[in-house]
Structure formats: structure tokens, C-alpha cells
Amino acid sequence: MKIIARHLLIFLMTVASVGTASAQRNIYEVELELRDHAEVLLGTADLRQKVQDNKAFSSLLFETLKRPDSYDFPFDSLKSVSILRAEDDAFRIFTWQISHRADTNQRSYYGNISHYYFGMVQRKIEIGKDSFRTVVIPLIELNEIPSGVENLVLDNQSWLGGLYYQPKFHEGIPKMKFKYFDPTDRKSNGKLKKKKLHYYLLFGWNGMDNRSNIKFLDVMTFDPKDEERVIFGANVFYFDVLPKFRALFKYSEYAPFSLNYSYVQAGSKRKLMIVYDHLATPKMQEKKLEEITELGPDGSYDALGYNKRSGVIEWFSNVELAEEFNSKLNRQRIEEQRELFEKQRQAEIDRLKAAGIQLQPPQESEEDDGQ
Numbered sequence: 375m376k377i378i379a380r381h382l383l384i385f386l387m388t389v390a391s392v393g394t395a396s397a398q399r400n401i402y403e404v405e406l407e408l409r410d411h412a413e414v415l416l417g418t419a420d421l422r423q424k425v426q427d428n429k430a431f432s433s434l435l436f437e438t439l440k441r442p443d444s445y446d447f448p449f450d451s452l453k454s455v456s457i458l459r460a461e462d463d464a465f466r467i468f469t470w471q472i473s474h475r476a477d478t479n480q481r482s483y484y485g486n487i488s489h490y491y492f493g494m495v496q497r498k499i500e501i502g503k504d505s506f507r508t509v510v511i512p513l514i515e516l517n518e519i520p521s522g523v524e525n526l527v528l529d530n531q532s533w534l535g536g537l538y539y540q541p542k543f544h545e546g547i548p549k550m551k552f553k554y555f556d557p558t559d560r561k562s563n564g565k566l567k568k569k570k571l572h573y574y575l576l577f578g579w580n581g582m583d584n585r586s587n588i589k590f591l592d593v594m595t596f597d598p599k600d601e602e603r604v605i606f607g608a609n610v611f612y613f614d615v616l617p618k619f620r621a622l623f624k625y626s627e628y629a630p631f632s633l634n635y636s637y638v639q640a641g642s643k644r645k646l647m648i649v650y651d652h653l654a655t656p657k658m659q660e661k662k663l664e665e666i667t668e669l670g671p672d673g674s675y676d677a678l679g680y681n682k683r684s685g686v687i688e689w690f691s692n693v694e695l696a697e698e699f700n701s702k703l704n705r706q707r708i709e710e711q712r713e714l715f716e717k718q719r720q721a722e723i724d725r726l727k728a729a730g731i732q733l734q735p736p737q738e739s740e741e742d743d744g745q
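Heads up, the sequence shown is in this note's numbering, so the first residue is 375 and it goes up one at a time.
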């Protein structure tokens with residue numbers, strides 16, 4: 375029932391036509407209200423309550439993100455919302471979900487679980503040397519994932535819903551340079567060409583149901599003729615002779631699956647590639663891929679590598695991970711995250727104090743009081 379997402383679009387269109395009440399409010403206070411609504415989306419089983427809070431959350435977020443002073447505001451307290459920033463600081467993207475189990479029998483192995491995804495792109499438009507304005511673009515999920523979605527160009531009103539996550543070894547959403555064949559260009563003569571657009575590589579997860587999940591890679595860019603249109607997909611993924619517009623991997627709910635950057639051994643050298651678990655069925659049944667729900671890792675790895683010369687992403691099978699080097703980098707990353715967490719913690723305390731919120735020290739219980 376993706377109708378929920380369509381209703382949200384109509385709601386946001388009406389919000390855009392009214393005054394932005396949040397513009398006069400302290401942004402710290404707005405964040406606290408957003409946090410309260412976001413917590414309901416995860417904390418209640420009542421779908422109607424989730425929908426109501428999601429409307430309130432979405433409209434308030436939509437209004438707030440139009441404020442230029444919100445662009446560098448971290449919104450750290452929105453723990454259930456994925457907030458990613460482009461490496462070149464051109465935009466931020468917010469994604470979140472509502473999940474609902476229609477089967478009230480919690481012990482049901484195959485209950486009917488639905489996931490509804492929502493998103494907004496906060497775009498930064500330069501209007502001078504030291505000034506900018508923000509454009510907020512809602513992402514409207516498709517009613518269902520269509521067959522052959524790997525070969526479709528989508529946009530913000532026909533969005534492959536999901537939660538985007540930050541890839542390893544990057545400070546933000548990776549910015550890429552691609553060359554690809556444009557079938558609408560009769561002058562291309564079948565040759566790859568580079569368009570003067572900025573492309574970004576997105577890593578996403580979609581929960582589908584309680585049998586299967588998908589992870590995917592998608593390409594995002596902005597329509598040069600419409601600043602409020604986001605385009606998803608570019609035929610740059612070469613698994614075979616014919617390229618795909620995005621890469622999708624369907625796997626079992628009960629199996630782990632990794633899709634992320636990692637270093638692989640390329641002879642005596644190491645190369646950073648997008649590595650993923652090779653998927654197989656337990657008994658290798660002869661079934662169509664769309665009928666398989668038990669796909670899981672078989673212990674080997676495949677990879678996708680960016681070919682800088684040709685400007686496309688190419689498939690490599692059965693790659694060897696640079697395990698020791700990856701482990702060393704992961705340890706460094708964990709230590710850096712610890713230090714970052716402490717800095718963010720102190721920054722959060724300072725922000726709350728600036729908003730006039732006094733933190734109370736934890737009270738010791740009687741048992742801890744020398745007993």
C-alpha cells in the first residue's frame with residue numbers, strides 16, 4: 375500500500391503553499407520536536423499513529439530544511455533518519471521508513487511486513503560569493519518495485535525507496551565522472567560520451583518483506599533544466615555486454631549480505647573497489663531469480679570497479695580481499711569514530727546549553743551510596 379507515500383506528496387504540496395512557521399522558531403527547539411515525532415515512527419505498532427506523526431514530521435522537516443541556517447545543522451538527535459552529505463557539499467539527503475506488520479501474530483514466521491520509505495533532498499544553490507539558498511525536493515516512492523527496474527531511469531516522483539547508508543573510506547556521498555551511451559542521441563553513433571553533469575553514487579537498503587531484502591547501487595544527478603528534479607539511474611553498470619542503470623542484489627532476510635567499499639588484492643597492489651558477497655542458494659535450485667528468497671553468501675566475493683579511462687563501472691568475479699590491510703584501516707576508523715563521538719557528545723552538550731536546556735547529573739541510587 376504505497377498510497378501512503380502518494381498522500382504525503384499531496385500533503386507536502388499544500389505545505390509548500392503556506393507560511394513556514396518554523397522559520398521564526400529556534401532551530402534547537404524544532405529539532406526536539408522532530409525527534410519526538412521520529413521516535414513514534416519506531417516506537418508504536420499503530421499504523422494510523424505512525425502516519426499522523428509522519429505527516430507532522432515530514433511537514434516540519436520540509437519547512438525547516440528550506441531555512442538556509444539549517445544546511446549545516448547536524449540534526450544528530452534524529453537517530454532513525456539517515457542523513458548523508460555529498461562529498462562536494464552540493465546537497466544532503468534524508469531518508470527514513472515506516473514499517474508495519476499486518477499479521478498481529480508476532481510468532482508468525484512469514485508475517486506480512488510492509489515498509490514505506492520517505493526522503494528529501496536538501497540542495498544548496500549558490501547565489502553569490504558567500505550566500506546561498508536551499509531547495510527541498512521530496513522523494514516519492516514507487517507503489518511497487520517494477521520488473522526490470524535495473525534498466526529504468528527514475529526521478530524524485532518515481533523513487534526506488536530505501537535507506538541510504540554511508541560507504542566506507544569516503545567522507546560523504548561519492549562524486550563520480552561517468553561516460554555512457556545515450557540512446558536518444560542520434561549523433562552518438564553508439565559511442566560512450568561524457569555529459570557535463572555531476573553524478574553521485576548512492577548505497578541503499580530496502581527491507582521488502584520478512585523473507586527478502588535488497589541492497590542496491592544507484593546513480594543520482596540533478597536535471598540541468600529543473601532545479602527541483604532529481605534523476606536516478608545511468609547505464610554505467612557493466613555486468614555483461616549491455617549496461618544496467620543500477621545494481622540490485624536480492625538476498626534472504628536471514629542471511630547477512632555486505633555491499634561496501636573494500637580493498638582487494640590486484641597482484642602485488644591493492645585497489646579500492648565496491649565488494650559484495652557472492653550470492654547463491656543453499657541447494658542451487660533451478661529457479662528464476664525473482665522467485666528465490668533464500669539467497670545468501672557462499673563465502674566468496676565479487677566486486678565492481680570504476681574504470682577511469684572508460685568512465686563506467688565494471689564487474690569482477692571471485693576477488694581476493696586485502697584482509698590485513700582492511701583490518702588495519704577498520705581499526706583506525708573505529709578509533710577515529712570514538713574520538714568523533716566524544717567531540718559530538720561535547721558539541722551536543724554545548725548545543726543544549728545554548729538552547730537553555732540544563733542537563734541534570736545522574737543521581738546515585740541508595741545502593742550505590744556506599745552500600
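Beta carbons are placed, not taken as given, at the ideal position from N, Cα and C, and that holds for glycine.
Predicted model, so just to flag it, every value in this text is computed and none were measured.
Within 10 Å of its beta-carbon, does residue i have 16 or more other beta-carbons around it, so buried, or fewer, so exposed?
{"i": "residue 620", "result": "buried"}
{"i": "residue 571", "result": "exposed"}
{"i": "residue 513", "result": "buried"}
{"i": "residue 405", "result": "buried"}
{"i": "residue 728", "result": "exposed"}
{"i": "residue 437", "result": "buried"}
{"i": "residue 432", "result": "buried"}
{"i": "residue 424", "result": "buried"}
{"i": "residue 730", "result": "exposed"}
{"i": "residue 618", "result": "buried"}
Based on Cα-Cα distance, which residue from the options lies nearest to residue i?
{"i": "residue 534", "options": "547, 545, 520 and 543", "result": "520"}
{"i": "residue 531", "options": "522, 493 and 650", "result": "493"}
{"i": "residue 466", "options": "457, 583 and 473", "result": "457"}
{"i": "residue 429", "options": "402, 472 and 652", "result": "472"}
{"i": "residue 515", "options": "591, 706, 505 and 491", "result": "491"}
{"i": "residue 469", "options": "504, 497, 408 and 536", "result": "536"}
{"i": "residue 398", "options": "586, 442 and 475", "result": "442"}
{"i": "residue 454", "options": "603, 504 and 417", "result": "417"}
{"i": "residue 675", "options": "699, 633 and 655", "result": "633"}
{"i": "residue 475", "options": "708, 724 and 581", "result": "581"}
{"i": "residue 649", "options": "655, 617 and 688", "result": "688"}
{"i": "residue 769", "options": "445, 411 and 652", "result": "One cannot answer for residue 769 here, as it falls past the ends of the chain, which runs 375 to 745."}
{"i": "residue 653", "options": "585, 623 and 708", "result": "623"}
Going by DSSP, name the residue or residues bridged to residue i.
{"i": "residue 513", "result": "493"}
{"i": "residue 654", "result": "670"}
{"i": "residue 487", "result": "475"}
{"i": "residue 575", "result": "593"}
{"i": "residue 469", "result": "456 and 493"}
{"i": "residue 580", "result": "588"}
{"i": "residue 623", "result": "589"}
{"i": "residue 508", "result": "498"}
{"i": "residue 639", "result": "644"}
{"i": "residue 690", "result": "677"}
{"i": "residue 723", "result": "Residue 723 pairs with nothing; no bridge assigned."}
Would you please verify whether the beta carbon of residue i is less than 8 Å from any beta carbon of chain C?
{"i": "residue 463", "result": "Among the protein chains of the structure shown there is no chain C, as only one such chain exists."}
Hey, would you say residue i sits closer than 8 Å to residue j, going by beta carbons?
{"i": "residue 588", "j": "residue 460", "result": "no"}
{"i": "residue 685", "j": "residue 552", "result": "yes"}
{"i": "residue 421", "j": "residue 452", "result": "no"}
{"i": "residue 718", "j": "residue 450", "result": "yes"}
{"i": "residue 607", "j": "residue 528", "result": "yes"}
{"i": "residue 763", "j": "residue 626", "result": "Any property of residue 763 remains undetermined from this structure, which presents the chain solely from 375 to 745."}
{"i": "residue 415", "j": "residue 427", "result": "yes"}
{"i": "residue 583", "j": "residue 723", "result": "no"}
### Query
Counting Cβ pairs, one atom from each stretch, are 3 or more of them under 8 Å apart for the stretch 673-691 and the stretch 638-648?
yes
### Task
Decide yes or no for the touch test of the stretch 684-701 against the stretch 633-640: beta carbon pairs closer than 8 Å, at least 3 of them.
yes
### Message
Counting beta carbon pairs with one atom in the stretch 520-529 and one in the stretch 537-544, are three or more of them shorter than 8 Å?
### Response
no
### Message
Contact between the stretch 595-603 and the stretch 572-580 is defined here as three or more beta-carbon pairs at a separation below 8 Å; is this criterion met?
### Response
yes
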